[in-house]
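Student:
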Amino acid sequence: MPELPEVETTRRGIAPYLEGQPIIQVRIHNGSLRWPVPQGLAAELTRSPVQDVERRGKYLLLNTDHGTAIVHLGMSGSLRLSDPEDERRKHDHVELALASGWVLRFNDPRRFGAWLWARDALQHPLIRDLGPEPLDEAFTGDLLYRLSRDRRAAVKAFIMDHRIVVGVGNIYASEALFMAGIHPSRPAGRVGRDRYRRLAASIREVLGAAIEQGGTTLRDFINGHGEPGYFRQSLNVYGRAGEACHRCGTPLRERRIAQRSTVFCVHCQR
DNA sequence: CTTACCGCCTGTCGGC
DNA sequence: TGCCGACAGGCGGTAA
43 MPELPEVETT RRGIAPYLEG QPIIQVRIHN GSLRWPVPQG LAAELTRSPV
93 QDVERRGKYL LLNTDHGTAI VHLGMSGSLR LSDPEDERRK HDHVELALAS
143 GWVLRFNDPR RFGAWLWARD ALQHPLIRDL GPEPLDEAFT GDLLYRLSRD
193 RRAAVKAFIM DHRIVVGVGN IYASEALFMA GIHPSRPAGR VGRDRYRRLA
243 ASIREVLGAA IEQGGTTLRD FINGHGEPGY FRQSLNVYGR AGEACHRCGT
293 PLRERRIAQR STVFCVHCQR
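Residue numbers (the numbering used here): 43 to 312.
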């Protein structure tokens, strides 16, 4: 499941192959994604090259001089560069043929992903109201503290709300809460300033480490070149229900919080 | 305003 | 071994 580190890993993998490179053809094999792929996408993308590939939260922004393709990987989406000789795979829904000969292919079995077009991506409704980037300086524990006053929802749901901070999905929210020693069910408004400072630091740390290791591959995540990420071995709680806590040995518990399975240590997280 | 929940979709897994 | 239902989940949308 692509979260911020996986999207960033993808961005780094594909950017050098896309930037400044004319797109000579766009093929849409199945435009029935989360939203229909807009009719005009192919014409826009072939009009002028992508100048740079940017990331905002979990959105990839393929910026051209006249607009931006907004790409989201959803749950099961991936982008990979391939040789045009290589056969198209099942669920390769969008293909960009580059002047260099490479083909960028978007594969997405569950089709929760998206390809959209915007003149001004930062003003697009999906992007406009997003909170700060967790690796930017604007993201601090004090910000979390301020925004969480009077909130009764679980702190885990709070940090997964992308109006608060972007890019923190189910895996890394669980990991950051473990690292900070905060119980995921605790109401957001009942976490103090110092603990939010620790939580913000944990979020930055876990996301940063995951990026360095090329993301987490559970089943299907691959980077822009079809390779897995190696952060999975660093996970302390996610996917480890019933196993011993790495810190104290207590068996980890699993609970659904805000419709998401959540693993935590009752001893280390309060 | 906040919070809770639905549903999109397919692959995988456990139970029988 | 094969079938089937449950489950996974990012996230917008809607209802309360």
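Note that beta-carbon positions come from the ideal geometry of N, C-alpha and C, so glycine has one too. None of the values given here were measured: they were computed from a predicted structure.
Tell me which residues share the same chain as G183 and place their Cβ nearer than 6 Å to its Cβ, disregarding the 5 neighbours each side in the sequence.
Tutor: Residue numbering aside, residue 183 sits at position 141 when the first sequence is read from its first letter. For G183, where only same-chain residues beyond five positions count, the Cβ hits under 6 Å are Y238, R239, A242.
Student: Quick one: grab the DSSP three-state call for A236.
Tutor: Residue mapping note: residue 236 aligns to position 194 of the first sequence, counting from 1. The amino acid occupying residue 236 in the given sequence is Asp; Ala does not appear at that position. DSSP places D236 in helix when its eight states are reduced to three.
Student: Taking just the CA atoms, how far does L121 sit from I65?
Tutor: Numbered from its first residue, the first sequence carries residue 65 at position 23. Numbered from its first residue, the first sequence carries residue 121 at position 79. If I take the Cα positions, the gap works out to 16 Å.
Student: Is the stretch 195 to 206 touching the stretch 289 to 305, taking contact as three or more C-beta pairs under 8 Å?
Tutor: Output reads yes: the stretch 289 to 305 touches the stretch 195 to 206.
Student: Tell me which residue opens and which closes the alpha helix (DSSP H) that G55 is part of.
Tutor: Position 13 of the first sequence holds residue 55. It spans 46 to 60 - the alpha helix (DSSP H) in which G55 sits, taken as one unbroken run.
Student: Touching or not, the stretch 208 to 228 and the stretch 44 to 58, by the rule of three or more beta carbon pairs under 8 Å?
Tutor: Yes, the stretch 208 to 228 is in contact with the stretch 44 to 58.
Student: Alpha carbon to alpha carbon, how far is A251 from D178? Give it in angstroms, no decimals.
Tutor: By 1-based counting over the first sequence, the position of residue 178 is 136. By 1-based counting over the first sequence, the position of residue 251 is 209. Whole-angstrom Cα-Cα distance: 15 Å.
Student: Among the candidates G173, R191, A111, whose CA atom is the shortest distance from the CA of D162?
Tutor: Your numbering for residue 162 matches position 120 in the first sequence. Per the Cα distances, A111.
Student: Under the assumption that N105 contacts V92 (Cβ atoms under 8 Å), give the Cβ distance between them as a whole number of angstroms.
Tutor: Residue mapping note: residue 105 aligns to position 63 of the first sequence, counting from 1. Residue mapping note: residue 92 aligns to position 50 of the first sequence, counting from 1. 7 Å between Cβ atoms; contact.
Student: Considering only the alpha carbon of each residue, which of N72, Y280, T259 lies closest to R131?
Tutor: Reading the first sequence from its first residue, position 89 is the one you call residue 131. Residue N72 is the option with its Cα nearest to R131.
Student: DSSP three-state label for Q67, please.
Tutor: Taking the first residue of the first sequence as 1, we reach residue 67 at position 25. The answer is strand: DSSP assigns Q67 an E or B state.
Student: Quickly, what does DSSP pair T110 with across the bridge? List them, please.
Tutor: By 1-based counting over the first sequence, the position of residue 110 is 68. Its beta-bridge partners are N105, A160.
Student: Please report the straight-line C-alpha distance between H135 and H309, rounded to a whole angstrom.
Tutor: Indexing the first sequence from 1 puts residue 135 at position 93. Indexing the first sequence from 1 puts residue 309 at position 267. C-alpha separation (whole angstroms): 46 Å.
Student: If you draw a straight line from the alpha carbon of R89 to that of P58, how long is it in whole angstroms?
Tutor: Numbered from its first residue, the first sequence carries residue 89 at position 47. Numbered from its first residue, the first sequence carries residue 58 at position 16. Spanning the two alpha carbons is a distance of roughly 19 Å.
Student: From Y101 to L115, what does the alpha carbon distance come to, in whole angstroms?
Tutor: What you label residue 101 is simply residue 59 of the first sequence in a count that begins at 1. What you label residue 115 is simply residue 73 of the first sequence in a count that begins at 1. Each residue's alpha carbon lies about 8 Å from the other.
Student: When burial is assigned at 16 or more other CB atoms within 10 Å of the CB, is T292 buried or exposed?
Tutor: Your numbering for residue 292 matches position 250 in the first sequence. Exposed, since its Cβ has fewer than 16 Cβ neighbours within 10 Å.
Student: Consult DSSP for S118 and reduce its assignment to one of helix, strand or coil.
Tutor: Start at 1 with the first residue of the first sequence, and residue 118 comes out as number 76. Coil, per DSSP.
Student: Find the nearest neighbour of F148 within the set F273, W157, A141, judged by alpha-carbon distance.
Tutor: Indexing the first sequence from 1 puts residue 148 at position 106. Cα-wise, what sits closest to F148 is W157.
Student: Short of 8 Å in beta carbon distance, which residues of its chain neighbour C290, apart from the five on each side in sequence? Order them along the chain.
Tutor: Here residue 290 refers to the residue found at position 248 of the first sequence. Closer than 8 Å at Cβ, skipping near neighbours: C307, H309, C310.
Student: Give the single residue among H267, Q67, F220 whose Cα lies nearest to the Cα of I56.
Tutor: Taking the first residue of the first sequence as 1, we reach residue 56 at position 14. The shortest C-alpha separation from I56 is found at H267.
Student: Mind listing, in chain order, the continuous alpha helix (DSSP H) runs of no fewer than 4 residues lying wholly within the stretch 206 to 294?
Tutor: Those alpha helix (DSSP H) runs which fall completely within the stretch 206 to 294 and span 4+ residues are 212 to 222, 235 to 254.
Student: If I'm right that R312 touches G223 with Cβ under 8 Å, what's the distance once you round it to whole angstroms?
Tutor: Here residue 312 is taken as the residue at index 270 of the first sequence, counted from 1. Here residue 223 is taken as the residue at index 181 of the first sequence, counted from 1. About 7 Å separates the two Cβ atoms, so the contact holds.
Student: Hey, quick one: how far does the beta strand (DSSP E) through T313 stretch, first residue to last?
Tutor: Look at the range of the chain in this structure, 43 to 312, and you will see that residue 313 is not part of it.
Student: Looking at P174: is its Cβ nearer than 8 Å to the Cβ of L249?
Tutor: For the purposes of this step, residue 174 is identified with residue 132 of the first sequence, where counting begins at 1. For the purposes of this step, residue 249 is identified with residue 207 of the first sequence, where counting begins at 1. No. Outside cutoff.
Student: So what does V94 bridge to, in DSSP terms?
Tutor: Here residue 94 refers to the residue found at position 52 of the first sequence. Per the sequence shown, residue 94 should be read as Asp rather than Val. For D94, which the question treats as bridged, DSSP gives the partners N105.
Student: Tell me the DSSP secondary structure of D134 in three-state form.
Tutor: The residue labelled residue 134 in the question sits at position 92 within the first sequence. In this structure, D134 counts as strand in the three-state DSSP scheme.
Student: Can you have a look at W77 and say buried or exposed, based on whether 16 or more other CB atoms are within 10 angstroms of its CB?
Tutor: Translated into positions along the first sequence, residue 77 becomes position 35. Per the 10 Å Cβ criterion, exposed.
Student: Is there at least one non-hydrogen atom of the ligand ATP closer than 7 Å to the beta-carbon of Y187?
Tutor: As for the ligand ATP, it is missing from this structure, which has no ligand bound.
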